[in-house]
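Chains as they are written, first to last, in the numbering used here: chain D, 115 to 590; chain E, 503 to 676.
Just so it is clear, CB atoms sit at the ideal spot from N, CA and C, and this is done for glycine as well.
Worksheet: one structure, shown below.
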Amino acid sequence: MSVEAKAAPLVWPEEEDPREEHLLLDPRPRAELNQIVLDAMHRSGVGFWLAVTVLSLLVLIGLGGAWGYQIYKGMGVAGIRRPVYWGVYITNFVFWIGISHSGTFVSAILRVFKAEFRRPITRGSEMMTSFALIVAGMYPLIHLGRTWRFYWMVPYPNQRQLWPNFHSPLMWDMLAIFTYLIGSTLYLYLPLIPDVAMARDHSTGWRRKLYRLLALGWRGTEAEWHHLRTAITIFAFAIIPVMFSVHTIVSWDFGMTMKVGWHSSIFGPYFVTGAIFSGVSAVATVLLIVRKTMKLEYFLRPEHFDAIGKLILIFSFAWTYFFFADYLTEWYGGEAVGKELITFQAHGPVAPLWYLMLIMNIVIPWLTLWNRRVRRSPWGLFLVTIGVNIGMYIERYIIVTGFLQRNRLPFDWGVYNPSLVEVLISIGSLSLFILLYVVASRFIPLVPVWEVQEGQITHSLRRIGRALVPSVAELE
Amino acid sequence: MNDTTVLMALVDDLAPVPDMLDTLREKGIGDGDIAILSGVPYPERVLGRPMNWERLPLISASGALVGFLTSMFLNAGTPMLYSIHVGGQPLIPLPPTAVLTFELTMMGLLVSTFLGVLWESTFPTFGPKYYDPRITDGEIGIVFRCPAHQTGEMETALMAQGAQEVTEPEEHVL
Chain D
115 MSVEAKAAPL VWPEEEDPRE EHLLLDPRPR AELNQIVLDA MHRSGVGFWL AVTVLSLLVL
175 IGLGGAWGYQ IYKGMGVAGI RRPVYWGVYI TNFVFWIGIS HSGTFVSAIL RVFKAEFRRP
235 ITRGSEMMTS FALIVAGMYP LIHLGRTWRF YWMVPYPNQR QLWPNFHSPL MWDMLAIFTY
295 LIGSTLYLYL PLIPDVAMAR DHSTGWRRKL YRLLALGWRG TEAEWHHLRT AITIFAFAII
355 PVMFSVHTIV SWDFGMTMKV GWHSSIFGPY FVTGAIFSGV SAVATVLLIV RKTMKLEYFL
415 RPEHFDAIGK LILIFSFAWT YFFFADYLTE WYGGEAVGKE LITFQAHGPV APLWYLMLIM
475 NIVIPWLTLW NRRVRRSPWG LFLVTIGVNI GMYIERYIIV TGFLQRNRLP FDWGVYNPSL
535 VEVLISIGSL SLFILLYVVA SRFIPLVPVW EVQEGQITHS LRRIGRALVP SVAELE
Chain E
503 MNDTTVLMAL VDDLAPVPDM LDTLREKGIG DGDIAILSGV PYPERVLGRP MNWERLPLIS
563 ASGALVGFLT SMFLNAGTPM LYSIHVGGQP LIPLPPTAVL TFELTMMGLL VSTFLGVLWE
623 STFPTFGPKY YDPRITDGEI GIVFRCPAHQ TGEMETALMA QGAQEVTEPE EHVL
């Protein structure tokens, strides 16, 4: 019996053309790449102005009105009462710090590991980091009540020559957030310089003046590129431990107390994992909107959302692992207050939220993201990632406000319901984040064009046997 | 007396650039008199250019040291300036000191790296410079200084190797 070998196709079947699939195998002239990004920046129709108006109003109501009212009337207008002194302000603080992990993770870690799919999505996620940190940084001030006393944290001695106590977790927090905010903003700006130089060369009027200032006189000489690349490498490696430290320190705000449920050594990695989980999910949500509204389909392709979807699934596994490890330890210990906390979550007033959190963070991602079609479907991934962030917000809400409702002695038990002021401030800060992003997207090239072109130069199709396979060259 | 002139060759492909550089060297132009402008980073070995000594890591390390020393002052110096002894507690506890030391050292490292880029690249400079806006549209520019009498010879040689144009560039206010 003769076996007739079936010849493998010399090229990919049409539906699997790697040029359609992979951005880096689908090069276009640089001028065309520039034009796509510039067109996206200049696109501001009715929808854009409507969004800006509505968001500005919400910011005005939430941060101007509600926060102003709280400053005028005092903290009594917030829902925090004994024993729950940390309410949605601290929940929001933890949540936004978590969102800020998106940029560093997507940009720095993927850069260090040379994950090529990162190229068009780094800028969009780095912007999220900076804006999320600005919003997060507001919350300690809001929570402070007497916001004008903030300067007491600034490192200089008071009139009695006493310095702030730098060994207090509050100071760790402030320094970690400042370090991360400064670091991640510089890390956003450095790779942006060649792209604003590109925008400078293609702009007129006030835009040219702005880009001229931001481009610092960039020409693209070898020396300039050399310094920039070295700096980006240093930043990529240095910002990763800073990122880990920030959310670890936030977790220590809880872990350093003797409160049951909070006093846990696992809180550091648990918080960091949760932060990356919610941050990467937020990247997917935002980029899906950006792709649609700014018509960046050429740059942001299903392959990118496919890769982000896989990351979200992996971090869902990791988050579940830490969640369960923390839960099981408490449950198996059987200590009375711990048992009460577990009962409180599973059967108490927060039970609906607790189960919703498990559904959003575990059940839905596990049931959907294993499927390539869901990961590549804009609506599918959009809904899953929105769900993850709802779930992660609930997780923070339960940890912050739920655990404080049950203490060692029943006389110190209580109930917490956020007041209208707290809700309005929360909506205002969410609107501020979106507003900053929407406005910045019209000034900042959202796709790092030079990084994409660099990737396109190094990628090619190589024939191995009878197949053409994507291949990447190392320039450095 | 000005007996040299500056020329810029524009090329739309990287392939002939290393050969063009060899040609310039053969005609007596040193690497110090040549600059490559491009819209994407090409490492020296790709262009066949000598490796540059990079001071940036040193600047970053110095910044980290400054951050470390600042943290030492805040951690250890300030409690000693006005000592308040609390029973059973050390004046300078090591674990919290480690946290602050890490953050301030990293802040020093990151800020100095950024400032190092500005310093090393002499940014910001907005004055007139040899430049062509087509660089950010993907063209590669070879800017070099040569004796004035060699201008025609250089132009012919580079055009033969694939340059789109070889001209005396304008100085652009960036």
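**Asked** Going along chain E, which residues have a C-beta under 7 Å from D/Val356?
**Response** One-based indexing of the first sequence puts residue 356 of chain D at position 242. Per Cβ cutoff of 7 Å: Met608.
**Prompt:** If we count the other Cβ atoms within 10 Å of its Cβ and call it buried at 16 or more, is D/Tyr530 buried or exposed?
**Reply:** Numbered from its first residue, the first sequence carries residue 530 of chain D at position 416. The residue in question, D/Tyr530, is buried, as its Cβ has 16 or more Cβ neighbours within 10 Å.
**Asked** In whole angstroms, what is the alpha-carbon distance linking D/Arg242 and E/Phe575?
**Response** Residue mapping note: residue 242 of chain D aligns to position 128 of the first sequence, counting from 1. Residue mapping note: residue 575 of chain E aligns to position 73 of the second sequence, counting from 1. Reading off the sequence shown, one finds Met at residue 242 of chain D, where the question assumed Arg. Cα-Cα distance, rounded: 34 Å.
**Request:** Taking all protein chains shown into account, decide if D/Arg668 is buried (16 or more other Cβ within 10 angstroms of its Cβ) or exposed.
**Result:** Residue 668 of chain D lies beyond the stretch modelled for chain D, which goes from 115 to 590, so this question has no answer here.
**Request:** Would you give the residue range spanned by the beta strand (DSSP E) that E/Phe646 belongs to?
**Result:** Taking the second sequence and counting its residues from 1, one reaches residue 646 of chain E at position 144. Per DSSP, E/Phe646 belongs to the beta strand (DSSP E) from 642-649.
**Prompt:** Is there a Cβ from chain D that is less than 9 Å from the Cβ of E/Val513?
**Reply:** For this step, residue 513 of chain E is matched to residue 11 along the second sequence. Judged by the 9 Å Cβ criterion, E/Val513 is not in contact with chain D.
**Asked** Tell me which same chain residues have a C-beta within less than 6 Å of the C-beta of D/Met155, skipping the five on either side of it?
**Response** In the first sequence, counting from the first residue as 1, residue 155 of chain D sits at position 41. Hits under 6 Å: Arg556.
**Message:** Taking its Cβ as the centre, do 16 or more other Cβ atoms sit within 10 Å of D/Ala121, making it buried, or is it exposed?
**Reply:** As a first step, residue 121 of chain D must be located in the first sequence, where it is residue number 7. Low confidence applies to D/Ala121: its pLDDT is 46, below 50, so where it sits in the model is not reliable, and the reading given next is rough at best. By the neighbour-count rule (16 or more Cβ atoms within 10 Å), D/Ala121 is not buried but exposed.
**Prompt:** Given that a residue counts as buried once 16 or more other Cβ atoms are within 10 Å of its Cβ, and exposed if not, what is E/Ala662?
**Reply:** Locating residue 662 of chain E in the second sequence gives position 160, where the first residue counts as 1. The residue is exposed, with fewer than 16 neighbouring Cβ atoms inside 10 Å.
**Prompt:** Would you say E/Asp639 reaches chain D, if we count a Cβ-Cβ gap shorter than 9 Å as a contact?
**Reply:** Walking along the second sequence from the start, residue 639 of chain E turns up at place 137. Taking Cβ atoms only, chain D reaches closer than 9 Å to E/Asp639, which makes this a yes.
**Asked** For the alpha helix (DSSP H) that contains D/Lys59, what are its first and last residues?
**Response** Residue 59 of chain D falls outside the range modelled here, since chain D spans only 115 to 590, and no answer is possible.
**Request:** Could you pull the start and end residues of the alpha helix (DSSP H) that D/Thr293 belongs to?
**Result:** Position 179 of the first sequence holds residue 293 of chain D. Counting along the chain, the alpha helix (DSSP H) containing D/Thr293 begins and ends at 283-303.
**Message:** Restricting to Cα atoms, I'd like to know which of D/Ser585, D/Gly217, D/Val553, D/Phe391 is closest to D/Met408.
**Reply:** As a first step, residue 408 of chain D is located in the first sequence; it is residue number 294 there, counting from the start. Minimum Cα distance to D/Met408 is reached at D/Val553.
**Prompt:** Around the C-beta of D/Arg237, are 16 or more other C-beta atoms found within 10 angstroms, so that it is buried, or is it exposed?
**Reply:** Walking along the first sequence from the start, residue 237 of chain D turns up at place 123. It counts as buried.
**Asked** D/Leu152 to E/Tyr584, Cα distance in whole Å?
**Response** Taking the first sequence and counting its residues from 1, one reaches residue 152 of chain D at position 38. Taking the second sequence and counting its residues from 1, one reaches residue 584 of chain E at position 82. One C-alpha to the other measures close to 57 Å.
**Asked** With a CB to CB cut of under 7 Å and the five nearest residues on each side skipped, what residues in its chain are close to D/Ser378?
**Response** On the first sequence, residue 378 of chain D is found 264 positions in, with the first residue counted as 1. Counting only Cβ-Cβ distances below 7 Å, and skipping sequence neighbours, we find Gly369, Asp440.
**Message:** Between the alpha carbons of D/Arg322 and D/Ala337, how many angstroms are there, rounded?
**Reply:** As a position in the first sequence, residue 322 of chain D is number 208, starting the count at 1. As a position in the first sequence, residue 337 of chain D is number 223, starting the count at 1. Taking the straight line from one Cα to the other gives about 24 Å.
**Prompt:** Which one or two residues does DSSP pair with E/Glu673 in a beta bridge?
**Reply:** Walking along the second sequence from the start, residue 673 of chain E turns up at place 171. DSSP lists E/Tyr632 as partners of E/Glu673.
**Item:** Cut-off 8 Å between Cβ atoms - residues of its own chain near D/Gly297, not counting five sequence neighbours on either side
**Value:** The count along the first sequence starts at 1 and reaches residue 297 of chain D at position 183. Contacts found: Phe349, Ala352, Ile353, Val356.
**Request:** Measure the C-alpha to C-alpha separation of D/Ile213 and D/Ala389 and round it to an integer number of angstroms.
**Result:** In the first sequence, residue 213 of chain D corresponds to position 99, counting from 1. In the first sequence, residue 389 of chain D corresponds to position 275, counting from 1. Straight-line Cα distance between these residues: approximately 6 Å.
**Item:** Proximity winner among E/Val601, E/Thr627, E/Ile594, E/Asp639, relative to E/Val542 (alpha-carbon distances)
**Value:** In the second sequence, residue 542 of chain E corresponds to position 40, counting from 1. The shortest Cα separation from E/Val542 among E/Val601, E/Thr627, E/Ile594, E/Asp639 belongs to E/Asp639.
**Request:** Identify which residue in D/Asn206, D/His257, D/Leu306, D/Phe292 has its Cα closest to the Cα of E/Thr607.
**Result:** Taking the first residue of the second sequence as position 1, residue 607 of chain E is located at position 105. For the residues D/Asn206, D/His257, D/Leu306, D/Phe292, the minimum Cα distance to E/Thr607 belongs to D/Phe292.
**Message:** Against chain D, does E/Met503 count as a neighbour if the rule is that its beta carbon must be under 9 Å from one of theirs?
**Reply:** For the purposes of this step, residue 503 of chain E is taken as residue 1 along the second sequence, with counting starting at 1. With a pLDDT of only 43 at E/Met503, under the threshold of 50, the placement of this residue in the model should not be trusted; the figure read from the coordinates follows. No, its Cβ sits nowhere closer than 9 Å to a Cβ of chain D.
**Request:** Return the residue from the list D/Asp140, D/Met288, D/Pro132, D/Arg490 that minimises the CA-CA distance to D/Met267.
**Result:** Numbered from its first residue, the first sequence carries residue 267 of chain D at position 153. Nearest of D/Asp140, D/Met288, D/Pro132, D/Arg490 to D/Met267, Cα basis: D/Met288.
**Request:** Have a look at E/Glu528, E/Met582, E/Ala566 and flag the residue whose alpha-carbon is nearest the alpha-carbon of D/Gln275.
**Result:** Your numbering for residue 275 of chain D matches position 161 in the first sequence. Among E/Glu528, E/Met582, E/Ala566, the Cα nearest to that of D/Gln275 is on E/Met582.
**D/Gly251 at chain E interface by Cβ criterion, 9 Å** = Counting from 1 along the first sequence, the entry for residue 251 of chain D is found at position 137. No, D/Gly251 does not count as interfacial toward chain E.
**Item:** Enclosing beta strand (DSSP E) for D/His573 [first to last residue]
**Value:** Reading the first sequence from its first residue, position 459 is the one you call residue 573 of chain D. Start and end: 573-578.
**Message:** Taking DSSP's pairing of strands, which residues face E/Thr506 in a bridge?
**Reply:** Counting from one through the second sequence, the residue named residue 506 of chain E turns up at place 4. Answer is E/Pro649.
**Request:** Could you tell me which of E/Asp634, E/Phe604, E/Gly590 sits nearest to E/Ala566, measuring between CA atoms?
**Result:** In the second sequence, residue 566 of chain E corresponds to position 64, counting from 1. Among E/Asp634, E/Phe604, E/Gly590, the Cα nearest to that of E/Ala566 is on E/Phe604.
**Paired residues, beta bridge with D/Glu230 - DSSP** = The residue labelled residue 230 of chain D in the question sits at position 116 within the first sequence. Its beta-bridge partners do not exist; DSSP assigns none.
**Request:** Return the CA-CA distance between E/Met503 and E/Arg647, expressed in angstroms with no decimal places.
**Result:** For the purposes of this step, residue 503 of chain E is taken as the residue at position 1 of the second sequence. For the purposes of this step, residue 647 of chain E is taken as the residue at position 145 of the second sequence. Confidence at E/Met503 is low in this model, with a pLDDT of 43, below 50, so the placement of that residue is unreliable and no value is reported for it.
**Prompt:** If you measure from the beta carbon of E/Lys631 to each beta carbon in chain D, is any gap under 9 Å?
**Reply:** Residue numbering aside, residue 631 of chain E sits at position 129 when the second sequence is read from its first letter. With 9 Å as the cut-off, E/Lys631 counts as an interface residue toward chain D.
**Message:** Can you find the residues in the same chain that come closer than 7 Å, C-beta to C-beta, to D/Val198, ignoring five residues on each side of it along the sequence?
**Reply:** Along the first sequence, one-based indexing puts residue 198 of chain D at 84. Cβ within range, chain order: Thr515, Leu518, Gln519, Gly528, Tyr530.
**Item:** Sub-9 Å separation of E/Leu611 and E/Ala563 beta-carbons
**Value:** Translated into the one-based positions of the second sequence, residue 611 of chain E becomes position 109. Translated into the one-based positions of the second sequence, residue 563 of chain E becomes position 61. Result yes, Cβ atoms of E/Leu611 and E/Ala563 sit closer than 9 Å.
**Item:** Listed by chain order, chain D residues near E/Ala537 by CB distance under 9 Å
**Value:** Looking up residue 537 of chain E in the second sequence gives position 35. What E/Ala537 touches in chain D: Arg333, Thr335, Glu336, Ala337.
**Prompt:** Can you find a C-beta in chain E that's less than 9 Å from the C-beta of D/Asp131?
**Reply:** Numbered from 1 along the first sequence, position 17 holds the residue referred to as residue 131 of chain D. No, because no Cβ of chain E sits closer than 9 Å to the Cβ of D/Asp131.
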